[in-house]
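For reference, each letter of the sequence shown is one residue, going 0 to 89 in numbering that gives the first Met the number 0. This report concerns only the one structure given below.
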Amino acid sequence: MATSTVRYTAGQQKDQQQGEFANVELRLTEEQQEYLEKQFQKTKNPHPSELMLTAAETGLLEEEVQAWFKHRMALWRRDQGLNPVGSRIC
Numbered sequence: 000m001a002t003s004t005v006r007y008t009a010g011q012q013k014d015q016q017q018g019e020f021a022n023v024e025l026r027l028t029e030e031q032q033e034y035l036e037k038q039f040q041k042t043k044n045p046h047p048s049e050l051m052l053t054a055a056e057t058g059l060l061e062e063e064v065q066a067w068f069k070h071r072m073a074l075w076r077r078d079q080g081l082n083p084v085g086s087r088i089c
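Structure representation (structure tokens):
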């Protein structure tokens, strides 16, 4: 099973030694990436219940799925010539 590193912040993880939060890169398998892309093609702004189901199907955390959709929406908006941060997910 091949994995790929997605170069955006999927969430934050608390550094136990320093008590600070650090950005965490999300690593996805090809299957997870394909599934998320299919879901994005169906709905670009999923309902929280859809995020929960997608997380369960992919084995990711809901926060990771939400971050993926947020990043993917920004890319889509940029490609459409729109402001990449002009919409909100959830």
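Using N, Cα and C, we set each Cβ at its ideal position, and we do this for glycine too.
When only Cα atoms are considered, Thr42 and Leu25 end up about 21 Å apart.
For the region 36-72, the continuous alpha helix (DSSP H) assignments of 4+ residues that do not extend past its boundaries occur at 47-57, in sequence order. By the criterion of a C-beta distance shorter than 7 Å, Met51 is surrounded in its chain by Glu61, once the five residues flanking it on both sides are discounted.
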